[in-house]
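Asks: Before anything else, here's the structure in question.
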Amino acid sequence: MENQTLSRRSFFNRLWTLLGTLAFAELIALLIIYFKPRKSRTAATNQDAIIIAGSVDSFEPGTVTAFVRGKFYLARLDDGGFLALSRSCTHLSCTVPWVSGKNRFICPCHSSEFDIRGDVISPPAPRALDLYPVAIENNVIRVNATRPERRSEYAADQIVYPGKT
Amino acid sequence: MSPARQICVNYLVPDSIIARRISDTNILNILQRIRLSIFPGNQATESEPNDSRKYLHSFLLHFRPATVPERSLKLSLTWGLGGMAAVLVFVLFATGLMLKFVYQPSPGAAYDSIAYLNTQVPFGQLVRNLHRWGANGLVFISFLHFLRVFYTGAFVAPRQFNWLIGLTLFAAIVLSNFTGYLLPWDQQAYWAVTISTSMLDYIPWVGTGLKEGILGGSEPGKATLMNFYAIHTAILPALLLFFLPFHFWRIRKAGGLVIPRSAAEPPDIRGAEVNTMPNLIAREVTMALVLLAVLLILSMLLNAPLADQANPGLSPNPTKAPWYFMGIQELLMHFHPLYALLVIPLLLVFGLLSLPYISYEVETAGVWFASVKGRKMALVAVVLATAATVASVWLDEFVINSGLSSTPGMTANGLLPFAFVLTACAGFYILMKRGFKASNNEAIQALFTLLMTAFVVVTVIGIWFRGAGMQLMWAG
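Those protein sequences? They're chains A and B, same order as listed. The first sequence begins at 1 in our numbering and counts up by one. The second sequence begins at 166 in our numbering and counts up by one.
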């Protein structure tokens, strides 16, 4: 067969090309790994990860409490369930304040509005507010503020009730 | 040495003394020798005191041709815009280096170091003002330069590739401005960067990764400031230092600027040549000095803003992106994010990149607006685009979307209006081409004008006509 008579020159040319491509890919991979966000580069340390919000009784039903350190709101719904809502608007990440008079979150940037469960009342926000995992043990609420979880809209199984976990 | 070679050497280096050998310098004293070593070929011979070629041996001028066409010196060809942009880059390098000695790139110290610069460092506020206004001026002037190059037909062969280098430079300039915007770490900076980078979230698949890579985390913080500082003070300046001389060198390779002419004159017209020194150099220096004077006066009168220190828990109302991104932020109010942030910008960028490679029917290099007809068509496009953009923003705000409280849908807010805009553009192109019996140069120019005007109008609306909660309001 013809392609078996590979000359030494073209063999080495192919070898260099292959090795060069590999080295280049290695360089790119290295750069990606080097620049990838790392825990140590961001402000959140492990101490910030789990936040003890307090006992269940210290939150009245139908209220929203802000936790500055964890960057979330702890909402207690009228039926007694809890949700830990991210304070970042899902539109462009502005911080949404809770307007207790109107009983909703109103984004100052583009007027998106969310209800107490984080569901969108008024666009442009495309998704409900992100959630942080809530765990209730011995009537003490702990929120894992490491990473918010995305959701498209409110669903009943997102609520955490005291005594059920 | 052959006679021809001898003549050549004498012609290019018309000096009485050329220090090619040690013995050449033996008749000189020590000071003369030092001077000759620095300026080996700058002394004019007595016989040719005004030979412009002597300037070829000056380091600063050696990349300039000895002579330039007299016609290309006309102010109404370039308005000095490219030169002004180069001067501003120089001012930004100089002031940026000065700021680098005071600024501290960490969230705890950045704001205080700027406050310290403003209040304690002699002329600190002035240096910062020059950097700030110079940077904004550079974005604005390079945009005008881009328009000038387009409307004088200076982007077709042989200048095609220089158009791409120019676009690269423009991207580097806008990114420089954007990365510098964060550095003071005040409320304005923090939130402008928050919403600008959050826009990336909407790009499917890669958006969130891209955003977190740029920010070094899920929200602006220590890593973001370090990233932006490195990009702003090292990577982008290095890019500019590489691409600016490339841009200038390409102008020489193309035989200089386009020669301004009326549409009736032939395209290969060149006219009389004049010496670069002083004809071009004097004009450039004048322009640079006037620009510097204006920038200095502006910087003495107006202080660069510094809001409160960044507070991640409190978004100011309204929160706006830097002014050159307000067009995109305004688009985002009307289109589904996928279209506002990906489809439309990609299409525009692709259009700009391919502009020099379309085959055109007429040679229009050097003719403002291609022809008198082209000028009329561009004017029609400006009026039409202004009216249509204002009308559609108003309609979308008060008629179509009022009372509609559902989450924006892909089809209703994305595909439908996008298809409508695309059809309108295509219809405009065909109507203009037929109605004016125009060449494709003129029709494409009209379409370009239509889109640019629309972009400028949405930017203006975003900057000045959006108040609290981004509601439309009358001038603010």
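Cβ coordinates follow ideal geometry from the N, Cα and C atoms, glycine included.
Using the DSSP secondary-structure output, state which residues sit across from residue 52/A in a beta bridge.
Replies: For this step, residue 52/A is matched to residue 52 along the first sequence. For residue 52/A, which the question treats as bridged, DSSP gives the partners 142/A.
Asks: Grouping DSSP H, G and I as helix and E and B as strand, with all else coil, what is residue 99/A?
Replies: Taking the first residue of the first sequence as position 1, residue 99/A is located at position 99. DSSP places residue 99/A in strand when its eight states are reduced to three.
Asks: Identify the contact partners of residue 64/A in chain B, using a Cβ-Cβ distance below 9 Å as the criterion.
Replies: For the purposes of this step, residue 64/A is taken as the residue at position 64 of the first sequence. Correct list: empty, because the minimum Cβ distance to chain B is about 14 Å.
Asks: Counting only runs of 4+ residues fully inside the stretch 549 to 637 of chain B, write out the alpha helix (DSSP H) ranges in chain order.
Replies: If we require 4 residues or more, the alpha helix (DSSP H) runs fully inside the stretch 549 to 637 of chain B come out as 581 to 600, 605 to 629.
Asks: Whole-angstrom Cβ separation of residue 361/B and residue 490/B, contact assumed at under 8 Å?
Replies: By one-based count along the second sequence, residue 361/B stands at place 196. By one-based count along the second sequence, residue 490/B stands at place 325. With 8 Å as the limit, residue 361/B and residue 490/B qualify as a contact, their Cβ atoms being about 6 Å apart.
Asks: Could you check whether the Cβ of residue 5/A sits closer than 7 Å to any Cβ belonging to chain B?
Replies: Here residue 5/A refers to the residue found at position 5 of the first sequence. So no, residue 5/A is outside the interface.
Asks: So, for residue 619/B: in the same chain, excluding its five sequence neighbours on each side, which residues have a beta-carbon less than 7 Å away from its beta-carbon?
Replies: One-based indexing of the second sequence puts residue 619/B at position 454. Closer than 7 Å at Cβ, skipping near neighbours: 550, 554.
Asks: Could you compute how far the alpha carbon of residue 315/B sits from the alpha carbon of residue 521/B?
Replies: Residue numbering aside, residue 315/B sits at position 150 when the second sequence is read from its first letter. Residue numbering aside, residue 521/B sits at position 356 when the second sequence is read from its first letter. Each residue's Cα considered, the two are about 10 Å apart.
Asks: Along the alpha helix (DSSP H) that carries residue 34/A, what are the first and last residues, could you check?
Replies: Against the first sequence, residue 34/A aligns to sequence position 34. Here the alpha helix (DSSP H) through residue 34/A covers 8 to 35.
Asks: Please report the distance separating the alpha-carbon of residue 128/A from that of residue 502/B.
Replies: Start at 1 with the first residue of the first sequence, and residue 128/A comes out as number 128. Start at 1 with the first residue of the second sequence, and residue 502/B comes out as number 337. Computed Cα separation, rounded: 16 Å.
Asks: Looking at residue 249/B and residue 463/B, is the spacing between their C-beta atoms short of 7 Å?
Replies: Numbered from 1 along the second sequence, position 298 holds the residue referred to as residue 463/B. Numbered from 1 along the second sequence, position 84 holds the residue referred to as residue 249/B. Not a contact, by the Cβ cut-off of 7 Å.
Asks: If we count the other Cβ atoms within 10 Å of its Cβ and call it buried at 16 or more, is residue 498/B buried or exposed?
Replies: As a working mapping, residue 498/B is identified with position 333 in the second sequence. So residue 498/B counts as buried.
Asks: In its own chain, which residues sit with a C-beta less than 8 Å from the C-beta of residue 139/A, not counting the 5 before and 5 after it?
Replies: Position 139 of the first sequence holds residue 139/A. Only 55, 56, 57, 162 meet the Cβ criterion.
Asks: In whole angstroms, give me the CA-to-CA distance for residue 594/B and residue 578/B.
Replies: Taking the first residue of the second sequence as 1, we reach residue 594/B at position 429. Taking the first residue of the second sequence as 1, we reach residue 578/B at position 413. Straight-line Cα distance between these residues: approximately 24 Å.
Asks: Would you verify that the beta carbon of residue 567/B is, or is not, closer than 7 Å to some beta carbon of chain A?
Replies: Within the second sequence, the letter at position 402 stands for residue 567/B. Confidence at residue 567/B is low in this model, with a pLDDT of 46, below 50, so its placement is unreliable and no value can be given for it.
Asks: Please confirm if residue 112/A has its CB atom under 7 Å from at least one CB of chain B.
Replies: Here the question's residue 112/A lines up with position 112 in the first sequence. Not one chain B Cβ lies under 7 Å of residue 112/A.
Asks: Would you report the Cα separation of residue 131/A and residue 600/B, rounded to the nearest angstrom?
Replies: On the first sequence, residue 131/A is found 131 positions in, with the first residue counted as 1. On the second sequence, residue 600/B is found 435 positions in, with the first residue counted as 1. Approximately 58 Å between the Cα atoms of the pair.
Asks: According to the Cβ coordinates, are residue 66/A and residue 134/A closer than 7 Å?
Replies: Taking the first residue of the first sequence as position 1, residue 66/A is located at position 66. Taking the first residue of the first sequence as position 1, residue 134/A is located at position 134. Not a contact, by the Cβ cut-off of 7 Å.
Asks: Kindly give me the distance between the Cβ atoms of residue 246/B and residue 313/B, rounded to whole angstroms, as I take these residues to be in contact under 8 Å.
Replies: Reading the second sequence from its first residue, position 81 is the one you call residue 246/B. Reading the second sequence from its first residue, position 148 is the one you call residue 313/B. Sure, about 6 Å apart at Cβ, within 8 Å.
Asks: Does the beta-carbon distance from residue 111/A to residue 125/A come in below 7 Å?
Replies: The count along the first sequence starts at 1 and reaches residue 111/A at position 111. The count along the first sequence starts at 1 and reaches residue 125/A at position 125. In this structure, residue 125/A does not lie closer than 7 Å to residue 111/A by Cβ.
Asks: Beta carbon of residue 287/B: closer than 6 Å to some heavy atom of the ligand SAM?
Replies: What this structure holds is no ligand at all, so the ligand SAM is not there to describe.
Asks: Exposed or buried, what is residue 535/B when buried is set at 16 or more other beta-carbons lying within 10 Å of its beta-carbon?
Replies: Your numbering for residue 535/B matches position 370 in the second sequence. With 16 or more other Cβ atoms within 10 Å, it is buried.
Asks: I'd like to know if residue 360/B contacts chain A, where contact means its C-beta is closer than 7 Å to some C-beta of that chain.
Replies: Residue 360/B sits at position 195 when you count from the first residue of the second sequence. Answer yes: the Cβ-Cβ gap between residue 360/B and chain A drops below 7 Å somewhere.
Asks: In chain order, what residues of the stretch 370 to 390 of chain B put their CB closer than 8 Å to some CB of chain A?
Replies: Listed by position, the residues of the stretch 370 to 390 of chain B near chain A (Cβ gap below 8 Å) are 377, 378, 380, 381, 382, 383, 384, 386, 387, 388.
Asks: Run through the stretch 352 to 412 of chain B for me and flag every whole beta strand (DSSP E) of 3 or more residues, listed as ranges in chain order.
Replies: The qualifying runs do not exist here; there are none.
Asks: Note down, in chain order, every chain B residue with its Cβ under 8 Å from the Cβ of residue 68/A.
Replies: The residue you call residue 68/A lines up with position 68 of the first sequence. Ordered by position in chain B, the residues that pass the 8 Å Cβ test against residue 68/A are 478.
Asks: With C-beta atoms as the reference, is residue 356/B less than 7 Å away from residue 276/B?
Replies: Stepping through the second sequence from its first residue, residue 356/B is reached at position 191. Stepping through the second sequence from its first residue, residue 276/B is reached at position 111. Going by C-beta atoms, residue 356/B is not nearer than 7 Å to residue 276/B.
Asks: Taking Cβ-Cβ distances shorter than 9 Å, what residues in chain A pair up with residue 638/B?
Replies: Here residue 638/B refers to the residue found at position 473 of the second sequence. Chain A residues near residue 638/B: none, gap ~13 Å exceeds 9 Å.
Asks: Give the straight-line distance between the Cα atoms of residue 238/B and residue 445/B, rounded to the nearest whole angstrom.
Replies: In the second sequence, the residue the question calls residue 238/B occupies position 73. In the second sequence, the residue the question calls residue 445/B occupies position 280. Each residue's Cα considered, the two are about 7 Å apart.
Asks: Identify the continuous alpha helix (DSSP H) that holds residue 510/B and give its terminal residues.
Replies: Taking the first residue of the second sequence as 1, we reach residue 510/B at position 345. Taken as a continuous stretch (DSSP letters only), the alpha helix (DSSP H) holding residue 510/B covers 509 to 519.
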